[in-house]
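If you read the sequences in order, they're chains A and B. Basically this note's numbering = 1-based index in the first sequence + 18. Basically this note's numbering = 1-based index in the second sequence + 630. Read the structure below first, then the notes.
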Amino acid sequence: MELTDFFTDYTLRTITLGTAVLGAICGMLGSFAVLRKQSLLGDAISHAALPGIALAFLFTGLKDSNVLLLGALISGFIGTVWIRGIVTKTHLKTDTALGLILSLFFGFGELVLSYLKKQPDANQAGLDKYLFGQAATLVQSDVIVMIIVTGISLVVMLLFWKEFKLLLFDKNYAMTLGFNTRFIDGLISFFIVLAIVIGLQTVGVVLMSAMLLAPAAAARQWTNSLGTMVILAAVFGAFSGVFGTGISASYNNLSTGPVIVLVAAVFVGVSFIFSPSRGVLFKQIRLIRNRRDLELKKTLYFMYGIVEKHEDISRPHSIKILNGFQGFTRGTLKALSDKSWITIKGQDWSLTEEGFQTAENLYNTNMPES
Amino acid sequence: MEQKIAVAVDDLTVAYNYKPVLWDIDLSIPEGVLMAIVGPNGAGKSTLIKSILGIIDPIAGSVAIYGKPYKKQRDKVAYVPQKGSVDWDFPTTALDVVMMGTYGALGWIKRPGAKQKKQALEALEKVGMLAFKGRQISQLSGGQQQRIFLARALVQNAAIYFMDEPFQGVDATTEIAIINILKELRKAGKTVIVVHHDLQTVPEYFDWVTFLNVKHIATGPVKDIFNDDNLTKTYGINYKVAVQK
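Shown next, in the form of structure tokens:
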């Protein structure tokens with residue numbers, strides 16, 4: 019495949035646009051799922067959508083993606099309502115409810131699919147694509163549906179931004195202020211289910227939750243603002259879609275869904291390691307720097323303790339007398355003299371005026387005198 | 631002159647699953663008091679506040695705020711939840727959290743503007759947190775987080791304040807800062823109701839007290855009813871020692 023195909027190949031352009039839009043809406047709404055601590059809800063809903071697809075085909079005999087996705091939407095909703103019902107009406111915890119509904123619905127969906135496969139006519143072929151997704155089957159009308167849904171959810175999100183934020187941060191407080199939290203909750207859930215359902219054809223039931231979570235998890239690493247997080251997640255999601263489609267189109271047999279998800283996972287990996295404030299790498303670097311700095315200051319303070327007893331602070335002392343102090347090495351001495359806190363002459367060191375001042379003010383707020 | 635009743639609780643009963651948490655509570659809180667609710671763990675102190683505020687549905691009973699149902703009096707009431715009830719790693723700033731106090735008055739969809747921001751900044755100043763307005767909330771200490779919650783309630787400019795353990799996990803400096811604000815509120819004629827754990831400080835901080843242990847035990851001025859008798863009824867025996875001065 020040539021790079022120019024992206025701009026000339028009509029089918030590829032449609033698919034790329036579709037996966038980009040899908041990635042964007044999933045990233046956007048996925049941020050809410052992650053912050054609501056309902057990451058696994060997406061997984062349960064997408065699995066719960068499978069019987070809807072199978073039954074929609076069984077009853078209508080149509081393979082039109084909109085009909086099948088309507089079925090997915092309905093069974094996805096039934097799954098969500100049942101999860102809520104289990105959590106509120108029994109002693110079971112959320113994770114148990116999610117697990118139960120996920121496997122129950124998925125099992126039932128597989129059952130119906132296998133029944134359909136046994137049917138004599140070959141019309142049912144292709145329903146399997148909803149398991150792992152097949153972006154190649156996206157047509158223009160699918161992409162238009164995606165764009166409309168994304169547009170609507172964007173408008174709703176902007177309208178209810180304040181309410182969403184309040185609910186996500188402090189639900190009880192939102193209640194006392196007079197907001198109908200059930201309505202806001204329902205609204206968020208509704209759009210998450212919608213995003214999942216429109217993604218099924220492309221990414222599939224099994225991997226759909228990764229589309230929701232990965233861009234959001236990556237975005238969280240880079241920002242401490244909800245708005246920025248949602249935008250970043252949408253951008254990461256869109257890029258995952260574009261890159262994933264590009265890679266899978268370059269190698270004939272790779273299915274798009276898993277590639278998109280893997281690209282999203284790369285975003286997550288890079289963000290976990292390289293984010294300046296929350297990333298593992300910079301955290302480690304800061305930790306090491308702080309330790310070194312502390313070591314240095316402790317050595318300086320020890321020297322200060324020796325010097326303090328004499329009237330002339332710049333009087334040279336032998337390096338040997340530092341041997342009793344653990345934290346000191348040749349390297350520390352060098353670093354101290356680089357900071358011009360001390361000067362070294364032969365086997366002697368002496369504190370500079372600056373070094374003395376620094377040491378004096380080092381712990382004067384909270385350090386007991388030793 | 632007869633004092634106005636700010637909060638009246640009538641026959642309130644609340645249960646989680648099968649176990650009653652609050653049993654037939656009758657309580658009236660006069661306007662302008664600074665009141666502690668005390669009782670052992672599991673006595674239903676937080677539950678009482680939450681059911682007054684409509685967060686928890688009671689099995690029976692009713693609550694009136696200045697004679698009317700809570701739903702009609704929301705603008706008169708502010709709430710400071712327990713600090714531990716939210717995730718402080720939420721991506722937002724101190725100022726943003728305090729702004730949330732204006733959301734109720736704004737109502738649906740309308741966005742906070744310059745006026746709301748000004749109110750929030752004033753509240754931050756009152757709790758001594760103005761310098762931290764842009765700080766990500768996870769980078770605040772426990773005491774600072776508590777002050778942010780307090781500022782959020784102050785923004786509501788209510789007549790009655792409900793606070794769920796505002797002194798929990800805060801250092802001495804913050805505790806003094808908070809109690810000073812509570813006393814200021816009372817001076818301004820507000821009613822302040824605080825779930826409180828430290829019995830030692832009750833006489834010093836509060837002028838009214840409610841003893842609660844699933845059932846309502848006593849409510850009244852600290853000087854009249856904060857005694858061994860009520861403490862024993864609430865906590866069982868051995869509490870004489872704890873408050874002897």
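Yeah, the Cβ is synthetic: ideal placement off N, Cα and C, and Gly gets one too.
Can you tell me which residues form a DSSP beta bridge with residue i?
i: residue 838 (chain B); result: B:665, B:851
i: residue 657 (chain B); result: B:639
i: residue 882 (chain B); result: No answer is possible for residue 882 (chain B): the residues shown for chain B start at 631 and end at 875.
i: residue 792 (chain B); result: B:709, B:823
i: residue 652 (chain B); result: B:644
i: residue 180 (chain A); result: Partner(s): none; residue 180 (chain A) has no beta bridge.
i: residue 843 (chain B); result: B:845
i: residue 336 (chain A); result: A:366
I'd like the span of the alpha helix (DSSP H) that includes residue i, first residue to last.
i: residue 721 (chain B); result: Premise fails: residue 721 (chain B) is in no alpha helix (DSSP H) and is neither H nor E.
i: residue 253 (chain A); result: 244-268
i: residue 814 (chain B); result: 802-817
i: residue 230 (chain A); result: 226-238
i: residue 828 (chain B); result: Counting along the chain, residue 828 (chain B) falls outside any alpha helix (DSSP H), and DSSP gives it neither H nor E.
i: residue 75 (chain A); result: 68-78
i: residue 53 (chain A); result: 28-53
i: residue 799 (chain B); result: Premise fails: residue 799 (chain B) is in no alpha helix (DSSP H) and is neither H nor E.
i: residue 348 (chain A); result: 348-356
i: residue 687 (chain B); result: Run containing residue 687 (chain B): none; DSSP gives neither H nor E here.
i: residue 862 (chain B); result: 858-865
i: residue 735 (chain B); result: 733-736
Whose CA, out of the options, lies closest to the CA of residue i?
i: residue 380 (chain A); options: A:228, A:361, A:320; result: A:320
i: residue 717 (chain B); options: A:186, A:371, A:359; result: A:186
i: residue 94 (chain A); options: A:370, A:218, A:332; result: A:218
i: residue 719 (chain B); options: B:767, B:703, B:755, B:746; result: B:767
i: residue 672 (chain B); options: B:738, B:703, B:858, B:842; result: B:842
i: residue 649 (chain B); options: B:858, B:703, B:685, B:844; result: B:844
i: residue 195 (chain A); options: B:703, B:771, B:669, B:827; result: B:703
i: residue 36 (chain A); options: A:162, A:226, A:362; result: A:162
i: residue 54 (chain A); options: A:322, A:244, A:367; result: A:244
i: residue 654 (chain B); options: B:831, B:640, B:663; result: B:640
i: residue 825 (chain B); options: B:796, B:814, B:835, B:810; result: B:796
i: residue 44 (chain A); options: A:210, A:376, A:270, A:86; result: A:210
i: residue 151 (chain A); options: A:315, A:352, A:279, A:255; result: A:279
i: residue 223 (chain A); options: A:192, A:356, A:121, A:250; result: A:121
i: residue 780 (chain B); options: B:658, B:827, B:812; result: B:812
i: residue 341 (chain A); options: A:241, A:48, A:285, A:317; result: A:317
i: residue 807 (chain B); options: B:740, B:852, B:759, B:833; result: B:759
i: residue 726 (chain B); options: B:745, B:832, B:816, B:782; result: B:782
i: residue 253 (chain A); options: A:50, A:39, A:180, A:181; result: A:39
i: residue 740 (chain B); options: A:183, A:178, A:359, A:329; result: A:178
i: residue 417 (chain A); options: A:208, A:213, A:201; result: Nothing about residue 417 (chain A) can be read from this structure; chain A reaches only from 19 to 388.
i: residue 376 (chain A); options: A:91, A:105, A:323, A:123; result: A:323
i: residue 90 (chain A); options: A:96, A:70, A:238; result: A:70
Could you give the residue range of the beta strand (DSSP E) that holds residue i?
i: residue 367 (chain A); result: 366-369
i: residue 101 (chain A); result: No beta strand (DSSP E) contains residue 101 (chain A), which is instead part of the alpha helix (DSSP H) from 83-107.
i: residue 363 (chain A); result: 360-363
Flag residue i as yes if its beta-carbon sits less than 8 Å from any beta-carbon of chain C, otherwise no.
i: residue 196 (chain A); result: Looking for chain C here will not work: the only protein chains present are A and B.
Exercise for the section: Check whether the stretch 255-267 of chain A touches the stretch 289-304 of chain A, taking contact to mean three or more Cβ pairs, one atom from each stretch, closer than 8 Å. Expected result: Too few Cβ pairs lie closer than 8 Å, so no.
Exercise for the section: Report yes or no: do three or more beta-carbon pairs, one from the stretch 848-863 of chain B and one from the stretch 677-689 of chain B, lie closer than 8 Å? Expected result: They do not touch, by the three-pair rule.
Practice task
Spell out a yes or no on whether the stretch 26-40 of chain A and the stretch 171-182 of chain A are touching, meaning 3 or more CB-CB pairs, one atom from each, closer than 8 Å.
Solution key: Here the stretch 26-40 of chain A makes no contact with the stretch 171-182 of chain A; the two share fewer than three CB pairs at distances below 8 Å.
Practice task
Let me know the alpha helix (DSSP H) ranges lying completely inside the stretch 131-213 of chain A, each 4 residues or longer, listed in chain order.
Solution key: Note on the stretch 131-213 of chain A: whole alpha helix (DSSP H) runs with a minimum of 4 residues are 147-150, 158-177, 179-187, 189-194, in chain order.
Exercise for the section: State whether the stretch 103-116 of chain A contacts the stretch 58-65 of chain A, with contact taken as three or more CB pairs (one from each stretch) at a distance under 8 Å. Expected result: Between the stretch 103-116 of chain A and the stretch 58-65 of chain A there are three or more C-beta pairs closer than 8 Å, enough to call the two in contact.
Handout entry: Three-pair Cβ contact test at 8 Å for the stretch 97-110 of chain A versus the stretch 63-75 of chain A
Key = Yes: at least three Cβ pairs fall under 8 Å.
Exercise for the section: Enumerate, from N- to C-terminal direction, the unbroken alpha helix (DSSP H) stretches of 4 or more residues contained entirely within the stretch 742-789 of chain B. Expected result: Runs of the alpha helix (DSSP H) inside the stretch 742-789 of chain B: 744-756, 772-785.
Practice task
May I ask you to verify whether the stretch 361-370 of chain A touches the stretch 327-336 of chain A, counting CB pairs closer than 8 Å and requiring at least 3?
Solution key: The stretch 361-370 of chain A, when compared against the stretch 327-336 of chain A, does touch it at the 8 Å Cβ threshold.
Problem - Three or more C-beta pairs below 8 Å linking the stretch 77-87 of chain A and the stretch 129-137 of chain A - result: When C-beta atoms of the stretch 77-87 of chain A are compared with those of the stretch 129-137 of chain A, fewer than three pairs fall below 8 Å, so the two segments do not count as touching.
Problem - the stretch 764-784 of chain B in contact with the stretch 209-229 of chain A per 3-pair CB rule at 8 Å - result: Counting Cβ pairs under 8 Å, fewer than three are found: no touch.
Handout entry: Any 3 or more C-beta pairs closer than 8 Å across the stretch 232-243 of chain A and the stretch 707-716 of chain B
Key = They do not touch, by the three-pair rule.
Problem - Sequence ranges, alpha helix (DSSP H) only - wholly within the stretch 272-316 of chain A, length at least 4 - result: For the stretch 272-316 of chain A, whole alpha helix (DSSP H) runs of length 4 or above, ordered along the chain, are 274-292.
Problem - Validate contact between the stretch 816-824 of chain B and the stretch 778-796 of chain B using beta carbons, cut 8 Å, 3 pairs - result: Counting Cβ pairs under 8 Å, three or more are found: they touch.
Exercise for the section: Give a yes or no on contact between the stretch 759-766 of chain B and the stretch 684-697 of chain B, applying the rule of three or more CB pairs nearer than 8 Å. Expected result: No, they do not touch.
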